[in-house]
Structure formats: structure tokens, C-alpha cells
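Here the protein sequences come in this chain order: D and H. Residue numbers 2 to 710, in the working numbering, belong to the letters of the first sequence in order. Residue numbers 2 to 475, in the working numbering, belong to the letters of the second sequence in order. The beta-carbon is built from N, C-alpha and C at its ideal position, and this holds for glycine as well. Working notes, structure below.
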Amino acid sequence: MKSDRHLFSAEAIVAMQKAVRNKDFNSFKEYSGIINDRARGLNTLRGLFKFKKGHPVALDEVEPVEDIVKRFTTGAMSYGSISREAHETIAIAMNRLGGRSNSGEGGEDEARYPLDSDGSDRKSHTKQIASGRFGVNAAYLANCNELQIKMAQGAKPGEGGQLPGHKVNEEIARVRFTTPGVMLISPPPHHDIYSIEDLSQLIFDLKNANPDARVSVKLVSEVGVGTVAAGVAKGKADMVLISGGDGGTGASPLSSIKYAGTWWELGLAETQQVLVMNKLRSRIRVQTDGQLKTGRDVAIATLLGAEEYGFGSAALVSLGCVMMRACHTNACPVGVATQNPELRKRFTGKPEHLMNFMCFIAEELRGIMAELGFRKLDDMIGRVDMLEVDKAVDHYKAKGLDFSKVLMPPERVDGEPLRCTSQQEHDFSLSLDPELVEACKPAIEKGESLSLDRKIRNCNRSVGATLSYNVTKKYGSEGLPEDTITVNFDGSAGQSFGAFLTKGITFRLKGESNDYFGKGLSGGRLILQPPLDSTFSGFRNIITGNVNLFGASGGEAFINGMAGERFCVRNSGATAVVEGVGDHGCEYMTGGTAVILGPTGVNFAAGMSGGVAYVYDENQLFDTRCNLEMVDIEPIVGEKDIIRLKILVQRHTGYTDSLVGGRILESWEESLPSFVKVMPIEYRKALEKIRERETQNTETTAITEEVFV
Amino acid sequence: MGKTNGFLEYRRTELKYREVDKRLNDYDEVTIDKSIEELVEQGGRCMECGTPFCHIIGCPIINLIPEWNDAIWRGQWKEAYERLEITNNFPEFTGRVCPAPCETSCTLSINDAPVTIKQNERAIIEKAFDEGWVIPRPPKADTGKSVAVIGSGPAGMAASQQLRRAGHAVTLFEKNRKIGGLLRYGIPDFKLEKNVIDRRLEQLTAEGVLFETGVTVGEDISIRYLRDKFDAILFTMGAGEPRDLPVPGRELDGIHYAMDYLGQSNRRVANEPFEERELSARGKTVLVIGGGDTGSDCVGTARRQGAKVVYQYEIMPKPMIWDKPWNPSWPEWPQILRTSSSHKEGCERDWNVETLSFEGKNGTVSKGHFRFIEWLPGGKGTRPSMEAVEGSEFSLEVDLVLLAMGFVHVEHGRAVTDPAVELDGRGNIKADDYRSSVDGIFTAGDANTGASLVVRALNHGRLAAESIHDWLMG
Chain D
2 MKSDRHLFSA EAIVAMQKAV RNKDFNSFKE YSGIINDRAR GLNTLRGLFK
52 FKKGHPVALD EVEPVEDIVK RFTTGAMSYG SISREAHETI AIAMNRLGGR
102 SNSGEGGEDE ARYPLDSDGS DRKSHTKQIA SGRFGVNAAY LANCNELQIK
152 MAQGAKPGEG GQLPGHKVNE EIARVRFTTP GVMLISPPPH HDIYSIEDLS
202 QLIFDLKNAN PDARVSVKLV SEVGVGTVAA GVAKGKADMV LISGGDGGTG
252 ASPLSSIKYA GTWWELGLAE TQQVLVMNKL RSRIRVQTDG QLKTGRDVAI
302 ATLLGAEEYG FGSAALVSLG CVMMRACHTN ACPVGVATQN PELRKRFTGK
352 PEHLMNFMCF IAEELRGIMA ELGFRKLDDM IGRVDMLEVD KAVDHYKAKG
402 LDFSKVLMPP ERVDGEPLRC TSQQEHDFSL SLDPELVEAC KPAIEKGESL
452 SLDRKIRNCN RSVGATLSYN VTKKYGSEGL PEDTITVNFD GSAGQSFGAF
502 LTKGITFRLK GESNDYFGKG LSGGRLILQP PLDSTFSGFR NIITGNVNLF
552 GASGGEAFIN GMAGERFCVR NSGATAVVEG VGDHGCEYMT GGTAVILGPT
602 GVNFAAGMSG GVAYVYDENQ LFDTRCNLEM VDIEPIVGEK DIIRLKILVQ
652 RHTGYTDSLV GGRILESWEE SLPSFVKVMP IEYRKALEKI RERETQNTET
702 TAITEEVFV
Chain H
2 MGKTNGFLEY RRTELKYREV DKRLNDYDEV TIDKSIEELV EQGGRCMECG
52 TPFCHIIGCP IINLIPEWND AIWRGQWKEA YERLEITNNF PEFTGRVCPA
102 PCETSCTLSI NDAPVTIKQN ERAIIEKAFD EGWVIPRPPK ADTGKSVAVI
152 GSGPAGMAAS QQLRRAGHAV TLFEKNRKIG GLLRYGIPDF KLEKNVIDRR
202 LEQLTAEGVL FETGVTVGED ISIRYLRDKF DAILFTMGAG EPRDLPVPGR
252 ELDGIHYAMD YLGQSNRRVA NEPFEERELS ARGKTVLVIG GGDTGSDCVG
302 TARRQGAKVV YQYEIMPKPM IWDKPWNPSW PEWPQILRTS SSHKEGCERD
352 WNVETLSFEG KNGTVSKGHF RFIEWLPGGK GTRPSMEAVE GSEFSLEVDL
402 VLLAMGFVHV EHGRAVTDPA VELDGRGNIK ADDYRSSVDG IFTAGDANTG
452 ASLVVRALNH GRLAAESIHD WLMG
């Protein structure tokens, strides 16, 4: 009887944990021996490669471990998929090494941003921005040194993630700005990225939201990924990550784990070739990940063209993961991938364990470098000529494989280097923010209220992002008191107007706006109305482009006029009033409120699991346009709902001089029956549960008080 | 996949034993059988790990443990048996006498009490026998090849069954009167009742395995003859050569090897005649030297025979006392103090004791002389060394001394010396993929590896059968 073959065998897990716990390099050698042997056992492509003979140098001439580990990162594993203990241990370890840990797409508790009393840094220095934008707000973006746009995930490229409701406890819900107990869906695409230009815009947004952080883009290895990487380089990302298709997660569908995505060896080789041949390599760094486990793996990645390396499963194993492959059940018995407090107590990982793992990998890599004759890792990057196919691998399936295209050194036009040697030139010449930040100094530094008037043109993009960054750096997500900064814009705003605008800032725009109005709104207020001298009626015309308020987590927007498609997608806390929307309104919404005072497009509320929408359904056609898979449509009868709605319409009319709003308020009693409320089914259940618990709590308190009185 | 969070909901339930004063009156099994129905929740505690350490690292025969645990939880007893039968020929033996390395490597053993794997295994097979699911599986066609298996312990029995099922004509040779090896003549009935073996032998008989008992190969029948009559020979005669204690007075009467003592006791319990002089602990002060399982079996047997008092001395240090449910050296076998059911029946144990000499009256042992030693940790690559504790000498009046200090290697009888199979450094039969140095002669189990567990012997027997099959069928 022979057992199934996995790259991570039981023996390897045991050997590695012994190595990192006892700081025992010999045990580690045993571990990497098992892994490399399995790799050569035709589990991986790199198992078919071997190093060519180099001119060895002395080991002590090779770059030290401390420098090498700075290039190491951990995989994007969200707080939510793994426990708080595991997530913070990883962060502390990687920060001590000078590498980076990755937040994953689950937000981060703000309590982790300041340093601990012992100097430990518990925040993830790579913050991921994924399609769901869970927990992405101005503070999240401001507290890191790398912002990573996840275009796809190795274990499930082209698919969104799902966090089952039972794993969404109160704390997870809090950092993700969602409701406890409600399942969370990450949509497959980013709703603000439908082309490489959109991606470039998001890179620009992020660069503005944190000018001190580099921006990276995560892609999954597949045929043609080199072309996408070239676009990423031209879109001015500072780093591109080529993620292998065999990246692990216990929470992906089996079909995706097994059959989707290709291996990083192929994608990395293609990326390197395309970037070098197109003279783009010098300005962008390349990272790879996907089942990297040993120094040999890293050496091969380096020769194929990577300068940074990510470790996911292996990092978790060093902290006690025993590859249960039960991450989705919330029943992880070692406290790694669970939110159950009982099981979290069983977590025994220490930052030192992960640090030892990383140092051992680096040490192994140094050995290979010495053998091949590389003193500096920089000299080794892209030296694919040092790799060859291992003829000794004897298997009938390996016979027909042709690696000549993978192991081909690219043509180097004008002596294009094989690694990143310069930096992207980001053009902020048309940004309004540097001047705004200067003008707002009294507000930011002393909290003085001020009001400014500015002209705006459609080439002025991402206005407000850097201003919010400066406020957030000082005040956190609490921001400034309401209306401390008011800026009155006049004109046609460029893309991402008011992106990530934080609390205490109000932008009032008279004119019109392009796409991504209020992207990631983080507590600020946006008011949009047509110019006073306009001759058309606001509510019949589109005043702002597509994808408004995508991923907004707080704040308010009042829009006198109609918005384009995908309005309020992935809104998790903002309140918005608008006079009509295109298709896919409120898709994947998890929180906040949307009031639509006019017609909607089709597929409204698809995948909506939280928040509420009120729609003024004058023509009684809304039920044909709403996606009823996850929501109910109900009349508005509750006292609270009526008051809330009325106040919002009143404020909307007050801020924007809305004609529609005015008319509805004039005949409020008659208009009210035309409103419907869109209520997510799961959300209602969760709210009821929360309310029940609250009542119980107050009852117990009362009894106790009585006893004590 | 068991029950999600089942391990948090249900506690592990330990095996129950009959009361000491009752069980000392007989040689029946000391454990109280649990029915499978009582173990449903225990099956639910299994987490069906993605990396099942019990199955890969713990179990030498790679039992499909998570699968049958899950079947138990779902109430699919027959499915559980079918999954168990795939890897284990004799779960009724391992379910009783295996030290269960599966449980110490169970993922739950990292920080919790492991799943009751051994109890589950035993319950599954008992249910299977009760329900009549254990049926002979004779081969569909005969290959025309024949194999002689020498030695009918667990390795020989497993190999015989596997070879027979593959279609070969198998004759299993045994020097004793009955089949079973140490299962029958080593392990006392209170741990493994012998009808458990008989029940299984019915199946082997029905499948067509031939038994030749009371035949000592090499003495009563020559290897040359066997090689002539059979296509292949498999040596599974165990590692029967006991480790001796070369001290002054060793030759005195009343000092015996544990296996001689236990074998005779088992024969007596089974009403099997024996020729040697009767050995009994009745009314005696008994000293067992050696702290392993055999020593423990001697203790339990001596207690049942009515020993006045039983001492057990071990030369190694006392292992760590560990009362937590988890395994401190997961997934490896922990070196912790173990107290067997026999120890609980009354025995004084001591460790770090070196035996210096025995003295006797009228040629029979009456007193032993001992001293305490201390173990000094060895340097890199060297073994720890021992040093006498000054002034610690003491003596003990004894009537019966049983030497249970392990086994050194396979017995070098004519079966081994006649064909001149190559031996390894420790004196066991050397083998590569179970092939000895002599073409056509194979070896498995303790005869090849030195003394080890029943479950390892089982595994060896199965793999050797595969190797022989490949060799025979070319």
C-alpha cells in the first residue's frame, strides 16, 4: 500500500517544523532534500531542471543572509482566512527580517498600525487591493510600503473568493466593514478595471493614496502573461508578481486548485523574455511565488528572472500548519486557519520560527550561489543560461517535453539589463493634490476649518487621494471633524474624483465628473450638481461616469443627476443619493445605504449581501430590473425606514438643489408608496440575530442590577 | 470526514479494563470489548486530515485510518471493514496488541487527545466477524508456483495469505504444535486470547494455505529438500535468540529466559502438553529483568500464577512521566513512562539498576546483587555511557529470575546456516527488497529486521509476498 504523493509530504512537514523550532539547519536540509526529491519525482517543472556547472566561489564571499531575506515576502493570506495570531506572527517576523508580509484581502485592524511597546511591527507592509476591496480605506492604504493590486490568485485565477458566513465573526466583520455571519463574496473582476488603461488608473490612484508606497500587480502565470506584464510595466507599476498556478489554499474549489493556472516557471520565463525584449525590464521588479519551498526553488526562480520571492504554505507550515486542507471548515486544530477562539488558543507559532525558515532558505540559496559562482544575487537574476534540462529524469512523459523556449535567453535590445535597475517615472504634474495639501496645512496641522475654491479639468485625476493620505497619516481613519476642509470645485473632474476621501473633507463639485467618482470613499463627503447656468435637467442626464463609489467604506455622496453603470458596487458603508443609475447598481454591496431617486438599469443588487437600497420606482418596473437571487423587495413601512429616507432626500435636496428631491418632498405622502426597499436576505437574518443578542444582553444586565440593588 | 469540530464536541473515551482482583483469577483478556456502536462519536472526532499523519507516519501498514473512522461516524460498519481489510490482514491482532503509533502521530495528538484508532480498529473487525463479513478469498486461478514459508508468526501468516490469494501454493511451516508464533507462544492470553488466532486460521485454511506444524526446518526437514520441492522459500522465523546476562551465577537454576517461561505458561493455559520441567511463580519472589513489553507480560503471568511479590528492574533510566493526553514529541513515538495493565496488577519497578551477580542454595538461585548506575550523555555520535553510583550496591532475595532483555537476532539454526544466507552486522538475515543473498530464498519480519512490532511484521509479510510474486512471475 502506497500513499498519495503530495509535494508537502508528512515527513517534510515534520522535518521542517523541527528545523525551525530548534534552529537546526541539518533538519532543514533533510526537509529540503525530501521536497527537492519529490520535485524531481515529476511533481513540478523545476524538478526537470538542473544547474549547469559554474565557477564556484567561496561561500563567505557570497552576499549575506541578512541581505537576501529582504527580498522575501509571504503570500497574501487574509486575516479571516487565517487567525489573528497567525497573521500578526507572520507580520512581526517579516518586518524584523526587513522583508514584507502581505495583508491579503481582508482589511487590517487599525490597532496594528502603531508599533508595539517592544518595537514589534504587527502591520502588513504589503497591503493588498483585491476585487472585493474588503477593508480598503484611506488608513489601510496609508500604513504600508507596498500596495498590491491582485488581478488574480494562483489557486483560483479568474474566480472570486468566498468567506463562508460562519468564519465571519464580529472582529473579521469589523475590519472588513461587513456584517458578522454574512458570507462575503469577492467578485471575480475588479469593477474598476476592464482594460489595461483602467489598471493604469488604479495604479495612479494608489500612488496618490500613498506616495511613499510602491505599487505592485499580482498576475497568475498563464500563456500570454508576459504581454499583460508588459502592460503592467507601461502602466507604471513598480513590481509585477507572477504567481504560480499551484499556489495553495484550502479554501479554493478543488477543480480550480487542480486545473486552473500554469506553473510559475513558464509565466516567469515568458515575463522575463517579454520585458527584456521590449526594454521594460529595467524599470520594474519581478516577484514570483507558488509553492516555493527550498533554496533550490528560489535559485531557479532567480535564474528565470525573479528578484523577489513569496512563500505561502511553507510559511504557514513553519508556524505549525500541518496541511490539514480544512481551511474552509474553520476547524483548524492548530489555530492557523480558524476564527474559533478555542482553536486559536492552540496556535504555537513564534516569529522566530518563520524567521528561521526564511534564513534557512537564504542559506541554502547562498550555497547554490557559491557553487554557480554568483557573489551577488543581482548578478544571478535572469541568468537562464545557467539552467538546463536534467536528462537523468527518466519518465516516459518527460521525454517529449521541449523546454527550449523556456530556457531561451532573451534578445537584449540596447543592452537592456536582466533586472530592475531604475524606477518608474510617475507623472504628478497635473495633480491638484500637492497644492491642496499645502493650502490645507492649517487644517491638517492645527485643525482649523477652511474653505477653498478651485477650478478643475478632466486631466486632473485622483483629486483628494493625497490630501486624504496626509490627513490619515496624522489622524488615522478618524480623520478630522466634519467639514474641517471644504473645497468647492468648478469644472469637469477627471477620473477618480474624491478617491479614498477621508473624514472631515467635503468636496463640492459644480460641473460633471468622469469615471470612478468617489472610489473607495473613506468617510468624506462628495456633492455633485450641474452648473447653475446649465440648461438641461439634471435627473434626465448622466452627470457622472461609471463605477461611482466602488469599494466605498464610509462617507456620503449626493449626486444631482444620473450616474453610469456599476454604481455603488462593493459599497460597504457609504451613503449615497443619486437620481438614476445604469446597469449592475449596488452589486456585491455589503453595507451602507443607496437611495436611487430614478430609474435603474438591469441586474440591480446582484450578489448584494448587506446594506440597504431605497429605490423610487415610479413606473413599477423595478422588480424586472432587480436581480432577486439574494435580496427581497419590500414596501417601506417601518417608521425608522421612513424617517431615514426622508432625511436623506431632504439633505440631498438641500446640498444639491435637486428638482426631483424637491418634488418628492413636496408630495411626500403620495410619493412614499412608490419607494421600495431592497433588503439582502442573509443580511436581514444576521441583523435579527444581532438584535436578539443585544436584547438578551440588556435583559441579563437588568437582572444582575436588580440582584445587586 | 468525521464531524467538523467533532473533536471539540466529544471527549476521547479510554479503553476499560476488568477489575484487577477479578482478572487475576483467570487468563481471559483484561480489556472490556467496546462495540462499534459505542465508538460512533469517537469516529466523529477524526478530522480526516489533508495530511493524515496517522496513516503516513504512524501506521507501518498505512491503514486507511481516516476513511474507516469516517465510516464509523456515518454508521457504515461494513464499509469500515472493507477499508480496513485492504491494508491489514489481521486487524484483530493489531487491534489488541499494537502499541498504536497511529495514535501518537494523530494530528490531534499535537495538542489534544488522539482519536481512539486502536479501539476503533478492534471494534470494526469484531463486528465483521460477528456479522460474517470475514470470508475466505481464495484465488480465482492458480499460478502453478509454490512457496514454503518458514515460521508462522504474523509475518509468515500475512505473507502466506497474500501469496495464496495471488494464486500460489503455500505451505506454512511451524516448529511448534500450532500456528501463530509469538502471537500464540509469546503474548499471554490475557492480552490476546488464542481463539482469536484460531478464528483467523479457519479463513487461511479455507483459502487453501497448507500448514505443516511440529516441523523444525533444517532439522526435521532440510533446506535442500525444500528448495527442491518449492519454487521459493520465505524465512519468517523471527528473532528468537534472547539477549543473555553474563554475570556470575547466571547458570543457577531458577534463572530463565522470559520466552521459555511465557511459552510454557501459554501452553498450560491452552492445555497443550509440554516436555520441559514445569516453571511456576506460585508463592515465589519473582524478579523480571528488563522493562519492555515482554517483561511486562512476565509480570502479569507471574501474578496470575500466584507469585508472592514481583520486582521488575530496568537498566535504562526512568522515562519522563507524562500525564497529558497529547504527545510531547509528536508525531514521533514519545519516550515516556508507560504503565501496562500488568504493572497495575502489582509490581515494584526500578530503573538504572545493573545486575552484578546471583548466588544460590543447592544450585537454585536465592539472591541477586545489584547496584544503581547513572547514565552520562554521549558526545556527538557516541552512545551515552553508564557509571556506577558509588555505595549503591544492594541485594534482593529471589526465587525466580526471568530475563526479558530483548532479542539479539534470528536463531542461527541449520535453516539459516545450511543455505549460508548472508547475515547483517547484528546477525539477522540480510535482504534487499526481501531477497536474501541466496536466489529463491526470501526473508521478512523480525528474522530480517530484528525484534519489532507485530504490525511491522505484518507489513513486512505483505511486502515480501509482493516481492516473491514479482520474482516468481518474472
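Exercise. Closest Cβ-Cβ distance between residue 9/D and chain H: below 9 angstroms?
Worked result: What you label residue 9/D is simply residue 8 of the first sequence in a count that begins at 1. It does: the Cβ of residue 9/D has a partner Cβ on chain H nearer than 9 angstroms.
For this session: Could you tell me whether any Cβ in chain D is nearer than 9 angstroms to the Cβ of residue 50/H?
Result: Walking along the second sequence from the start, residue 50/H turns up at place 49. Yes, its Cβ sits closer than 9 angstroms to a Cβ of chain D.
Exercise. Taking the alpha carbon of residue 75/D as the point to measure from, which residue in 282/D, 200/D and 356/D has its own alpha carbon closest?
Worked result: One-based indexing of the first sequence puts residue 75/D at position 74. When only C-alpha atoms are compared, the closest one is 356/D.
Problem set entry | Candidates 58/D, 591/D and 600/D: closest to residue 542/D by CA position | For the purposes of this step, residue 542/D is taken as the residue at position 541 of the first sequence. Put simply, of 58/D, 591/D and 600/D the residue whose alpha carbon is nearest the alpha carbon of residue 542/D is 600/D.
Problem set entry | Inter-residue spacing [alpha-carbon to alpha-carbon] between residue 645/D and residue 576/D | Here residue 645/D corresponds to residue number 644 of the first sequence, with the count starting at 1. Here residue 576/D corresponds to residue number 575 of the first sequence, with the count starting at 1. The alpha-carbon separation between residue 645/D and residue 576/D amounts to approximately 11 angstroms.
Exercise. Is the closest heavy atom of the ligand FMN to the C-beta of residue 331/D under 8 angstroms?
Worked result: Questions concerning the ligand FMN fall outside what the structure shown contains, since it holds no ligand whatsoever.
For this session: With distances taken Cα to Cα, identify the nearest neighbour of residue 390/H among 352/H, 66/H, 320/H and 233/H.
Result: Position 389 of the second sequence, counted from the start, is the residue given in the question as residue 390/H. Answer by Cα proximity: 352/H.
Exercise. For residue 134/H, which of helix, strand or coil comes out of DSSP?
Worked result: Here residue 134/H refers to the residue found at position 133 when the second sequence is read from its first residue. In the structure shown, residue 134/H sits in coil (DSSP, three-state: anything other than H, G, I, E or B).
Exercise. What residues of chain H sit near residue 95/D, judged by a beta carbon separation below 9 angstroms?
Worked result: Against the first sequence, residue 95/D aligns to sequence position 94. Within chain H, no residue has its CB atom less than 9 angstroms from the CB of residue 95/D, the nearest being about 25 angstroms off.
For this session: Measure the alpha-carbon distance for residue 446/D versus residue 97/D and round it to whole angstroms.
Result: Within the first sequence, residue 446/D is the residue found at index 445, counting from 1. Within the first sequence, residue 97/D is the residue found at index 96, counting from 1. Each residue's alpha carbon lies about 32 angstroms from the other.
Exercise. So what does DSSP say about residue 287/D, is it helix, strand or coil?
Worked result: For the purposes of this step, residue 287/D is taken as residue 286 along the first sequence, with counting starting at 1. If DSSP states are grouped into helix, strand and coil, residue 287/D belongs with the strands.
Exercise. Where does residue 356/H sit, in a helix, a strand or coil, going by DSSP?
Worked result: As a first step, residue 356/H must be located in the second sequence, where it is residue number 355. Strand at residue 356/H.
For this session: Please look up how many angstroms separate the CB atoms of residue 403/H and residue 259/H, rounded, as I've assumed it's under 8 angstroms.
Result: Counting from 1 along the second sequence, the entry for residue 403/H is found at position 402. Counting from 1 along the second sequence, the entry for residue 259/H is found at position 258. Contact holds; Cβ gap of about 5 angstroms.
For this session: Could you tell me if residue 474/H is buried or exposed, where buried requires 16 or more neighbouring beta carbons within 10 angstroms of its beta carbon?
Result: Walking along the second sequence from the start, residue 474/H turns up at place 473. Under this definition residue 474/H is an exposed residue.
Exercise. When we look at the beta-carbon of residue 413/H and count the other beta-carbons within 10 Å, is it buried (16 or more) or exposed?
Worked result: Along the second sequence, one-based indexing puts residue 413/H at 412. Classification of residue 413/H: exposed, given that the 10 Å Cβ count is below 16.
For this session: Express the C-alpha separation of residue 342/H and residue 30/H in angstroms, rounding to a whole number.
Result: Numbered from 1 along the second sequence, position 29 holds the residue referred to as residue 30/H. Numbered from 1 along the second sequence, position 341 holds the residue referred to as residue 342/H. Cα to Cα, the separation comes out at about 11 angstroms.
Exercise. Where does residue 478/H sit, in a helix, a strand or coil, going by DSSP?
Worked result: Absent from the model: residue 478/H. The displayed extent of chain H is 2 to 475, so no value can be given.
Exercise. Chain H partners of residue 14/D, CB-CB under 7 angstroms?
Worked result: Here the question's residue 14/D lines up with position 13 in the first sequence. For residue 14/D, the C-beta contacts it makes with chain H under 7 angstroms involve 52, in order along the chain.
Problem set entry | Contacts of residue 444/D in chain B (Cβ-Cβ under 7 angstroms) | No chain B appears in the structure shown, which is made up of the protein chains D and H.
Exercise. Taking the alpha-carbon positions, what's the residue 256/D to residue 157/D distance?
Worked result: Here residue 256/D is taken as the residue at index 255 of the first sequence, counted from 1. Here residue 157/D is taken as the residue at index 156 of the first sequence, counted from 1. Spanning the alpha carbons of residue 256/D and residue 157/D requires a straight line of approximately 9 angstroms.
Exercise. Across which residues does DSSP place residue 312/H in a beta bridge pair?
Worked result: As a first step, residue 312/H must be located in the second sequence, where it is residue number 311. Residue 312/H is bridged to 288/H and 349/H.
For this session: With 9 angstroms as the threshold, decide whether the Cβ of residue 320/D is near any Cβ in chain H.
Result: For the purposes of this step, residue 320/D is identified with residue 319 of the first sequence, where counting begins at 1. No, no contact with chain H.
Exercise. Just the Cα atoms here: how many angstroms apart are residue 50/H and residue 354/D?
Worked result: Taking the second sequence and counting its residues from 1, the one referred to as residue 50/H is at position 49. Taking the first sequence and counting its residues from 1, the one referred to as residue 354/D is at position 353. Between residue 50/H and residue 354/D, the C-alpha separation is close to 23 angstroms.
Problem set entry | Cβ shell of residue 32/D (< 7 angstroms), same chain only, five flanking positions each side left out | Locating residue 32/D in the first sequence gives position 31, where the first residue counts as 1. Once the five neighbours on either side are set aside, the close Cβ partners of residue 32/D are 13, 16, 17 and 20.
Problem set entry | Any chain D beta carbon closer than 9 angstroms to residue 70/H | Counting from one through the second sequence, the residue named residue 70/H turns up at place 69. Not a single C-beta of chain D is nearer than 9 angstroms to the C-beta of residue 70/H.
Exercise. Curious, which full-length alpha helix (DSSP H) runs of at least 4 residues does the region 157-217 of chain H contain?
Worked result: For the alpha helix (DSSP H) assignment, the uninterrupted runs of no fewer than 4 residues enclosed by the region 157-217 of chain H are, from N- to C-terminal side, 183-186 and 196-208.
Problem set entry | Beta-carbon neighbours of residue 325/D, restricted to chain H and to distances below 8 angstroms | The residue you call residue 325/D lines up with position 324 of the first sequence. Per Cβ cutoff of 8 angstroms: 48, 50, 51, 52 and 108.
Exercise. Quick one: what does DSSP say residue 376/H is sitting in, helix, strand or coil?
Worked result: Looking up residue 376/H in the second sequence gives position 375. Residue state, collapsed to three classes: strand.
Problem set entry | the region 322-335 of chain D touching the region 61-72 of chain D, judged by at least three CB pairs closer than 8 angstroms | Using a Cβ-Cβ distance cut-off of 8 angstroms, the region 322-335 of chain D and the region 61-72 of chain D are not in contact, since fewer than three pairs of beta carbons, one from each stretch, lie closer than that value.
Problem set entry | Alpha-carbon spacing of residue 378/D relative to residue 302/D, whole angstroms | Here residue 378/D refers to the residue found at position 377 when the first sequence is read from its first residue. Here residue 302/D refers to the residue found at position 301 when the first sequence is read from its first residue. Just so you know, the alpha carbons of residue 378/D and residue 302/D end up roughly 11 angstroms apart.
For this session: Evaluate contact between the region 478-489 of chain D and the region 117-132 of chain D, counting only Cβ atoms and requiring at least three cross-stretch pairs below 8 angstroms.
Result: Not touching, per the Cβ criterion.
Exercise. Taking Cβ positions only, does residue 343/D come closer than 9 angstroms to chain H?
Worked result: The residue given as residue 343/D occupies position 342 in the first sequence. Yes, residue 343/D counts as interfacial toward chain H.
Problem set entry | residue 333/H versus residue 363/D - alpha carbon distance | Translated into the one-based positions of the second sequence, residue 333/H becomes position 332. Translated into the one-based positions of the first sequence, residue 363/D becomes position 362. If you take the alpha carbons of residue 333/H and residue 363/D, they lie about 28 angstroms apart.
For this session: Just tell me which of 130/H, 254/H, 46/H and 176/H has its CA closest to the CA of residue 10/H.
Result: The residue given as residue 10/H occupies position 9 in the second sequence. Measuring from the Cα of residue 10/H, the nearest candidate turns out to be 46/H.
For this session: Starting from residue 470/H, follow the alpha helix (DSSP H) in both directions and report where the run begins and ends.
Result: Numbered from its first residue, the second sequence carries residue 470/H at position 469. Note, residue 470/H: alpha helix (DSSP H), 455-474.
For this session: Could you check the C-alpha separation between residue 204/H and residue 351/D for me, to the nearest Å?
Result: For this step, residue 204/H is matched to residue 203 along the second sequence. For this step, residue 351/D is matched to residue 350 along the first sequence. Straight-line measurement puts the Cα of residue 351/D at about 54 angstroms from the Cα of residue 204/H.
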